[in-house]
Each structure stands twice: as C-alpha cells, then as structure tokens.
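Participant:
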Ligand SMILES: Cc1ncc(COP(=O)(O)O)c(C=O)c1O
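Right, here's the structure in full:
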C-alpha cells in the first residue's frame, strides 16, 4: 500500500483539523461515530510528477465532489474549500513527494454513539503517500482479469450513489473478497436491475465497432472524475461516446474494455467471467486513450493543462535559507 515506514515514517506528516501533524499522531478514539456506522466521506486524488514539480490532477473537481458528499450526509466542514485544497497541496509538499495518492476524509467524530449524528464534531484529515499501480504491476500494460461480484451495487434509492461515502464501500469489499479468492484482479458489479454498473473502485467502458460505451448514471455508478476525463479525451480524439444501459452480453461481445479510476487510471480488461475480451490483448482504442490520459496527468498535453494544479515547493524558512 506504500504507507511510510522506518525513517520515512518518522518524518511523514498528515493534515488534520487544520494543522500539519506527525503521521503517527493522526489518531481517533475507537468510539468514533464513523468507525461504528461508516459515517464518513472521502476522496481519492493523485498528484503526478511533471516538469514543474508535483501537480494534482483535477483537484477542483475532487473538492467539488468532497463538498457534495459532505452535504449529502449533513456535514458542515469547519474549513473552506480553499483551505481543503491547500491541505491537499500541503501534504504532498510537506512529505516531499514527487507523486502521490492523496486521501481527504471527513467524518462524524467522537462524542456519543447512537445512529443520529447530530451535535458530533466533524473531523477532517488529509493524508498522502506514494501508491503505484492499483491493480498490480502488470495491470496497465497487460490488462486485468475480472469476475462478477456475487453482490450487486447498492441501488440509488437505498443510498445516494453520487456521494463517495465510507459505508458504501462495504459492498466493494464483499465483491473484491469474493473474486480475489478465485484469483481475479477485480470485481465487476451489476446494478439492482441486473445491468452492468462498475468495478469496486472504477468505472467501466467497452468499445464496440469504434464506439465507446459506458453505463449511465442511473446504473448505480459513482460519477468518476477519470470517467469524465476519459470521455473528454475520447471525444477530442474523434470517437463517439455514449452513456447507456449495458448488459453482460454487451461486455462479452465487446471488442475492447477498460476500467477508469483515480487509483486504477486507465486499466485494460482482458477477461471477464472466463471470457476473453476481444483478442485478449489491450486493444488499439484503449491504448490510444490510455496514452493520452497518462500523458495528460503528467502535464505532457497542453490542451489538458487546466486539469493540473501545481504544488508549489515549500518556501524555506529564514534559518533554512541562511
Ligand atoms: C465505486 C467507484 N466507482 C468509480 C470510481 C472512479 O472514480 P474517480 O475516477 O473519480 O476516481 C471510484 C473511485 O473513486 C469508486 O470508488
């Protein structure tokens, strides 16, 4: 997972409730509300090494979703959007990271238990560490093997799926536990109607006859920021992109398929439920989109420069500069 260890751990920092603190001090009491009821919301963000130093990919959009998630669960963050964005930059900078996975979380804290969270403090923290390829070292290059989760996605009338809430990841945990036990890299979930939804932490795309298809928001998906980036890139490359209801037959008959997500980036899918997708190798459209995406996040595509927020280096104190 890449959390700091040894000397790195001694020097690592977190941002918690408005302050930069030692990594080891970012602790909660076991009677914290969120630990019992999953009453937290979070984001997963990546910073990439660019020619201008580390830059955070689509920070504004992640902050927008973080605020929306909090609003859904009635959390009034005791920090402004600007302060939260600064916190994301600060953890990259203070940890001296060239590239990073950034994890902001807000949750109902310690005070009393009982489901209703009124009056509890809202705690907010942001961590950052180095995190390589999410689905394994060969995933981006060779593609992943996927199996269906025996657990379906939570329907949108059970939980607002546009919020990225801690508790809803229990479904992702159950699905991945099932498929990983059988040697697969990732689980694919169906929605409550039996249509294709998403992976445990990724959106899915398929390609058929050069048209790019992805489940629409009614299929219990998290509206991924990578999904949005990939749709923009694909349209800019001249492809037709359609959001629609997809069934498993569409996946089995696809020429190509891939997952998108902040952690998984653009990961080709080579097999679903023991059936090879296309030739079983990452296809040309997937490769083209993956290449542009991985270039864009590293600042190598000027047309997508507005997606990057540079993390300015720490200015030296007077003593350090002397
Ligand atoms: C369930 C789920 N779907 C999709 C995604 C992809 O979202 P994004 O591209 O914003 O990381 C994620 C990751 O955050 C996720 O957890």
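In our numbering, the protein residues as written are 1442 to 1763. Don't be surprised by glycine CBs; every beta carbon is placed ideally from N, CA and C. The structure displayed is predicted, hence computed values, not measured ones.
Assess, as a yes-or-no matter, whether the region 1657-1675 is touched by the region 1712-1722 under the definition of 3 or more beta carbon pairs within less than 8 Å.
Facilitator: no
Participant: Less than 9 Å between the C-beta atoms of residue 1577 and residue 1644, yes or no?
Facilitator: Within the chain shown, the letter at position 136 stands for residue 1577. Within the chain shown, the letter at position 203 stands for residue 1644. Taking 9 Å as the Cβ cut-off, residue 1577 and residue 1644 do not qualify as a contacting pair.
Participant: Could you tell me how far apart the beta carbons of residue 1565 and residue 1518 are, in whole angstroms, since I believe they sit closer than 8 Å?
Facilitator: Mapped onto the chain shown, residue 1565 falls at position 124. Mapped onto the chain shown, residue 1518 falls at position 77. With a Cβ gap of about 6 Å, residue 1565 and residue 1518 count as contacting.
Participant: Hey, which unbroken runs of the alpha helix (DSSP H) at 4 residues or more fall wholly within the region 1649-1710?
Facilitator: 1666-1677, 1689-1693
Participant: In terms of DSSP beta bridges, what is residue 1587 paired with?
Facilitator: Position 146 of the chain shown, counting from 1, holds the residue named residue 1587. Note: residue 1587 sits in a beta bridge opposite 1627, 1713.
Participant: Identify, in the order they occur along the chain, each residue of the same chain with its Cβ nearer than 6 Å to the Cβ of residue 1484, setting aside the five sequence neighbours on each side.
Facilitator: Locating residue 1484 in the chain shown gives position 43, counting from the first residue. For residue 1484, where only same-chain residues beyond five positions count, the Cβ hits under 6 Å are 1503, 1507, 1545.
Participant: Would you give the residue range spanned by the alpha helix (DSSP H) that residue 1727 belongs to?
Facilitator: Mapped onto the chain shown, residue 1727 falls at position 286. It spans 1725-1738 - the alpha helix (DSSP H) in which residue 1727 sits, taken as one unbroken run.
Participant: Could you tell me if the beta carbon of residue 1704 falls within a distance shorter than 8 Å of some heavy atom in ligand 1?
Facilitator: Along the chain shown, read from residue 1 onward, the residue named residue 1704 stands at position 263. Because some heavy atom of ligand 1 lies under 8 Å away, the Cβ of residue 1704 counts as near it: yes.
Participant: According to DSSP, what are the bridge partners of residue 1457?
Facilitator: Residue 1457 sits at position 16 when you count from the first residue of the chain shown. Answer is 1460, 1566, bridged to residue 1457.
Participant: Examine ligand 1 and report whether any of its heavy atoms sits within less than 8 Å of the Cβ of residue 1613.
Facilitator: Locating residue 1613 in the chain shown gives position 172, counting from the first residue. For residue 1613, the CB falls within less than 8 Å of some heavy atom of ligand 1.
Participant: When you compare only the Cα positions, how much space is there between residue 1623 and residue 1586?
Facilitator: Here residue 1623 is taken as the residue at index 182 of the chain shown, counted from 1. Here residue 1586 is taken as the residue at index 145 of the chain shown, counted from 1. If I take the Cα positions, the gap works out to 11 Å.
Participant: Please state if the CB of residue 1709 and the CB of residue 1739 are separated by a distance shorter than 9 Å.
Facilitator: Looking up residue 1739 in the chain shown gives position 298. Looking up residue 1709 in the chain shown gives position 268. Not in contact: residue 1739 and residue 1709 (Cβ atoms no closer than 9 Å).
Participant: Quick one, which of 1501, 1540, 1477 has its alpha-carbon nearest residue 1748's?
Facilitator: For the purposes of this step, residue 1748 is taken as residue 307 along the chain shown, with counting starting at 1. For the residues 1501, 1540, 1477, the minimum Cα distance to residue 1748 belongs to 1501.
Participant: Taking 9 Å as the cut-off, decide whether the C-beta atoms of residue 1464 and residue 1531 are in contact.
Facilitator: For the purposes of this step, residue 1464 is identified with residue 23 of the chain shown, where counting begins at 1. For the purposes of this step, residue 1531 is identified with residue 90 of the chain shown, where counting begins at 1. The answer is no: Cβ separation not under 9 Å.
Participant: Once the 5 residues before and after residue 1680 are set aside, which same chain residues still bring their CB inside 6 Å of it?
Facilitator: The count along the chain shown starts at 1 and reaches residue 1680 at position 239. Answer for residue 1680: 1653, listed in chain order.
Participant: In its own chain, which residues sit with a C-beta less than 7 Å from the C-beta of residue 1453, not counting the 5 before and 5 after it?
Facilitator: Translated into positions along the chain shown, residue 1453 becomes position 12. Same-chain partners within the cutoff: 1445, 1464, 1536.
Participant: Note the first and the last residue of the continuous beta strand (DSSP E) segment covering residue 1543.
Facilitator: Counted from its first residue, the chain shown places residue 1543 at position 102. Taken as a continuous stretch (DSSP letters only), the beta strand (DSSP E) holding residue 1543 covers 1541-1549.
Participant: Within 8 Å: the Cβ of residue 1663 and any heavy atom of ligand 1?
Facilitator: Taking the chain shown and counting its residues from 1, one reaches residue 1663 at position 222. Answer for residue 1663: yes, Cβ within range of ligand 1.
Participant: Which of the three DSSP states is assigned to residue 1619 in this structure?
Facilitator: In the chain shown, the residue the question calls residue 1619 occupies position 178. DSSP places residue 1619 in helix when its eight states are reduced to three.
Participant: When you measure from the CB of residue 1619 to every non-hydrogen atom of ligand 1, does any distance come out below 8 Å?
Facilitator: As a working mapping, residue 1619 is identified with position 178 in the chain shown. Every heavy atom of ligand 1 is 8 Å or more from the Cβ of residue 1619, so no.
Participant: For the alpha helix (DSSP H) that contains residue 1579, what are its first and last residues?
Facilitator: Working through the chain shown from its first residue, we reach residue 1579 at position 138. Looking at the DSSP string, residue 1579 is not in any alpha helix (DSSP H), and its letter there is neither H nor E.
Participant: Quick check: the Cα distance between residue 1473 and residue 1528, rounded to an integer number of angstroms?
Facilitator: The count along the chain shown starts at 1 and reaches residue 1473 at position 32. The count along the chain shown starts at 1 and reaches residue 1528 at position 87. Going by the C-alpha atoms only, they are around 23 Å apart.
Participant: Would you grab the beta carbon distance between residue 1604 and residue 1514 for me? Rounded to a whole angstrom, and I think it's under 8 Å.
Facilitator: Working through the chain shown from its first residue, we reach residue 1604 at position 163. Working through the chain shown from its first residue, we reach residue 1514 at position 73. So it is a contact: roughly 7 Å between Cβ atoms.
Participant: Could you tell me the distance, in whole angstroms, from the CA atom of residue 1511 to the CA atom of residue 1470?
Facilitator: Counted from its first residue, the chain shown places residue 1511 at position 70. Counted from its first residue, the chain shown places residue 1470 at position 29. Using only the alpha carbons, I get a separation of about 21 Å.
Participant: Under 8 Å from any heavy atom of ligand 1, does the C-beta of residue 1641 make it?
Facilitator: For the purposes of this step, residue 1641 is identified with residue 200 of the chain shown, where counting begins at 1. Yes, ligand 1 has a heavy atom inside 8 Å of this Cβ.
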